[in-house]
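Some notes on the structure that comes next.
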Amino acid sequence: MTILHPKSNTAIFTPDEVRKLIVAIPKNINRERFEALLFTGCRYTELIEVHGKLERLQENTLKVKNTKAFADTRFRFVQLNNPGRRAVEYYLRSKEPLPNYIAWWGNLKAWCRKAGIDDTGVGVKSTRKTWESWLVTTYPNQVERIFLSQGHSRFIALKHYLTFPFSKQDKEDMKFYVDGW
Numbered sequence: 016m017t018i019l020h021p022k023s024n025t026a027i028f029t030p031d032e033v034r035k036l037i038v039a040i041p042k043n044i045n046r047e048r049f050e051a052l053l054f055t056g057c058r059y060t061e062l063i064e065v066h067g068k069l070e071r072l073q074e075n076t077l078k079v080k081n082t083k084a085f086a087d088t089r090f091r092f093v094q095l096n097n098p099g100r101r102a103v104e105y106y107l108r109s110k111e112p113l114p115n116y117i118a119w120w121g122n123l124k125a126w127c128r129k130a131g132i133d134d135t136g137v138g139v140k141s142t143r144k145t146w147e148s149w150l151v152t153t154y155p156n157q158v159e160r161i162f163l164s165q166g167h168s169r170f171i172a173l174k175h176y177l178t179f180p181f182s183k184q185d186k187e188d189m190k191f192y193v194d195g196w
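Counting from 16, one number per residue, gives the positions in the sequence shown under this note's numbering.
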C-alpha cells in the first residue's frame, strides 16, 4: 500500500519498503546517501550544502543552514540517533555529494521498481517526509522537539504529519530505525 502525504502526494515509505530499498540500491555510496537523507530528514539542498563539512557534526546533532524563508535562525540542529550519526558521518566523508535532484529522483524510482515497491509519488522529499512521519508516530509526546529538528513550524507539522495510516506492524518496525532519537 502506498502512503501519500496529504498535501504534496509525496510517497511515504513503510519500514518494510525502506528495508527493500536499501537492499535494491546497488552502490554503497548511494545506500549511504539514501540513509543520510532518511535518518536526518534533511531537505535535499541542506544535505548537499553540508557535504564535506565534518565540523557540522556535533555529537548527536548535525548543524544545517535553514533554507526556508520563515526560519527564525540561520542554522538549526538536526537531532540524530546512532544510525543517523553513522549515516551522516559516512556521507560527510564521502568523496562526492548527492547528485543533482533529477538524477536522484530517477534513481529512487528505479530502485523502487527493482525492489518491487510502487513508485507512485516517490521523489526526493520522500525520505524527509518518511522520517518526520515515523518520528511523530513513534514519539507523539515529543512533537515540538521533532518539529524544531526538522525545521517546521508547529502549524505545518500538525497539519501534515499526524494522521498517517501505518499498520500496527509498521509502527513496531519503525522502532528499529528511530530508537534512540
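Note that beta-carbon positions come from the ideal geometry of N, C-alpha and C, so glycine has one too. Computed from a predicted structure; not experimentally measured.
Local Cβ density within 10 Å of residue i, reported as buried at 16 or more and exposed below that
{"i": "LYS183", "result": "exposed"}
{"i": "GLU32", "result": "buried"}
{"i": "GLY56", "result": "buried"}
{"i": "ARG128", "result": "exposed"}
{"i": "PRO41", "result": "exposed"}
{"i": "ALA118", "result": "exposed"}
{"i": "LEU62", "result": "buried"}
Alpha-carbon spacing of residue i relative to residue j, whole angstroms
{"i": "ASN97", "j": "THR135", "result": "31 Å"}
{"i": "ASN45", "j": "LYS124", "result": "13 Å"}
{"i": "LEU113", "j": "ARG48", "result": "7 Å"}
{"i": "ILE161", "j": "LYS144", "result": "12 Å"}
{"i": "GLY166", "j": "GLU147", "result": "11 Å"}
{"i": "HIS66", "j": "LEU53", "result": "15 Å"}
{"i": "VAL93", "j": "VAL139", "result": "18 Å"}
Simplified DSSP assignment, three categories, for residue i
{"i": "VAL137", "result": "coil"}
{"i": "PHE181", "result": "coil"}
{"i": "PHE54", "result": "helix"}
{"i": "ILE27", "result": "strand"}
{"i": "LEU72", "result": "strand"}
{"i": "LYS78", "result": "strand"}
{"i": "ARG91", "result": "strand"}
{"i": "LEU113", "result": "coil"}
{"i": "LYS42", "result": "coil"}
{"i": "ILE63", "result": "helix"}
{"i": "GLY121", "result": "helix"}
Closest Cα partner of residue i within the set the options
{"i": "TYR116", "options": "ARG89, ARG34, ARG58 and PHE179", "result": "ARG58"}
{"i": "PHE90", "options": "ALA130, ASP133, GLU64 and THR29", "result": "GLU64"}
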